[in-house]
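Peer 1: Please read through the structure below; I'll follow up with questions.
Numbering (the working numbering), first residue to last: 2 to 67.
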């Protein structure tokens, strides 16, 4: 999996909160088969942050969470 592939997968789970219009990742919008793939993509992206390939802030921006 590449970073771009993982971002594309996880972006589909980014939703706006109804309470304060805050974007967040909501795995409940994924179908059962897509939930596992989305979790794997999210884990991949978190590992990229740990490895120093991107910052947490860059990841949030790329996902539309910032």
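Quick reminder that beta carbons are idealized off the backbone N, C-alpha and C, glycines included.
Using the Cα positions of residue 51 and residue 57, report the straight-line distance between them to the nearest angstrom.
Peer 2: Their Cα atoms are separated by approximately 9 Å.
Peer 1: Residue 51 bridges to which residues according to DSSP?
Peer 2: None, per the DSSP bridge assignment.
Peer 1: Whole angstroms are fine: how far does the CA of residue 14 sit from the CA of residue 6?
Peer 2: In a straight line, the C-alpha of residue 6 is about 14 Å away from that of residue 14.
Peer 1: Compute the Euclidean distance between the alpha carbons of residue 27 and residue 12, then round it to the nearest angstrom.
Peer 2: In a straight line, the C-alpha of residue 27 is about 10 Å away from that of residue 12.
Peer 1: Considering only the beta carbon of each residue, do residue 60 and residue 46 sit closer than 8 Å?
Peer 2: Cβ atoms of residue 60 and residue 46: closer than 8 Å.
Peer 1: The alpha helix (DSSP H) with residue 11 in it runs from where to where?
Peer 2: Start and end: 4–12.
Peer 1: Leaving out the 5 sequence neighbours to the left and right, which residues in its chain are closer than 6 Å to residue 53 when beta-carbon positions are compared?
Peer 2: Closer than 6 Å at the Cβ level, and outside the excluded window around residue 53, lies no residue.
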